[in-house]
Amino acid sequence: MRDSFRLLLFTAMLILFSVLIGCEEVVEEAAQQLFTTISGTVTDDGAPVEGAIVLLIESQESIIEGLDLTSGSISLASGSYIISLDVEPGNYYVCAIKDENGNQSYDIDTDPIGYYGGFDTTLTVPIPSPEEVTVENEGDDIEGIDIEDMYILAK
Numbered sequence: 112m113r114d115s116f117r118l119l120l121f122t123a124m125l126i127l128f129s130v131l132i133g134c135e136e137v138v139e140e141a142a143q144q145l146f147t148t149i150s151g152t153v154t155d156d157g158a159p160v161e162g163a164i165v166l167l168i169e170s171q172e173s174i175i176e177g178l179d180l181t182s183g184s185i186s187l188a189s190g191s192y193i194i195s196l197d198v199e200p201g202n203y204y205v206c207a208i209k210d211e212n213g214n215q216s217y218d219i220d221t222d223p224i225g226y227y228g229g230f231d232t233t234l235t236v237p238i239p240s241p242e243e244v245t246v247e248n249e250g251d252d253i254e255g256i257d258i259e260d261m262y263i264l265a266k
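Numbering (the numbering used here), first residue to last: 112 to 266.
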């Protein structure tokens, strides 16, 4: 009788453990589906940029001197990065900043910056022309958002 009780208790615990693990995996999978991931590489004249802080911003005007850089993704030695955020559908910009002095704040005259997008070459001096990245649905995976040039802005 005692052995059958132990077997019943063991079986119940095993079932409960299996259910809990299954629920945890379902909750984790659901949470991951709500996060949007944006990935690409950061390069400068074809060379990978390691340690650039890559940010998802709502407008180009969001980049101001003193911007806090602690919430960005950091590019690897290969220049690759992945941003994983819970963001609403909409249009955003992706920029990378190389924090040269390590103060975790954007210094316009010191820290190189680059945007996803090309350059407007209709002027005598090409200027950055950032392209919007559109998040259509929560949980989107957007790849190939490459930042190809870094530059220092003049005050």
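Even glycine gets a Cβ: it sits at the ideal position worked out from N, Cα and C. The model shown is predicted, which means the values in this text are computed figures rather than measured ones.
Enumerate in chain order the residues of its own chain whose CB-to-CB distance from residue i is below 6 Å, with the five nearest sequence positions on each side excluded.
i      : result
SER189 : PRO159
GLU254 : SER150
ILE258 : VAL153, ALA207, GLY225 and TYR227
What did DSSP end up calling residue i once you bin it into helix, strand or coil?
i      : result
LEU167 : strand
SER173 : helix
LEU196 : strand
What's the C-alpha gap between residue i and residue j?
i      : j      : result
PHE146 : ILE175 : 26 Å
SER240 : GLY157 : 18 Å
LEU264 : ILE219 : 6 Å
GLY229 : THR154 : 13 Å
ASP252 : LEU187 : 19 Å
LEU166 : ASN214 : 16 Å
TYR204 : ASN212 : 24 Å
ILE194 : GLU161 : 15 Å
ASP260 : GLU172 : 19 Å
ILE164 : PRO200 : 23 Å
SER182 : ASP222 : 17 Å
THR233 : SER170 : 23 Å
Do you know whose CA, among the options, lies nearest residue i's CA?
i      : options                           : result
ILE168 : VAL244, GLU249, ASP252 and ILE263 : VAL244
LEU202 : GLU161, GLU247 and PRO223         : Just to set this straight, residue 202 is Asn in the shown sequence, not Leu. Residue GLU247 is the option with its Cα nearest to ASN202.
ILE256 : THR233, SER191 and ILE208         : SER191
THR152 : ALA207, PRO200 and SER182         : ALA207
SER184 : SER170, THR221, GLU199 and LYS209 : LYS209
Leaving aside the five residues before and after residue i along the sequence, list all residues of the same chain whose C-beta is less than 8 Å from its C-beta, in chain order.
i      : result
ASP197 : LEU145, PHE146, THR147 and GLU249
TYR262 : PRO223, ILE224, GLY225 and PRO239
Please list, in chain order, all residues of the same chain as residue i whose beta carbon is under 7 Å from its beta carbon, the five residues on each side excluded.
i      : result
GLU242 : TYR227 and GLY228
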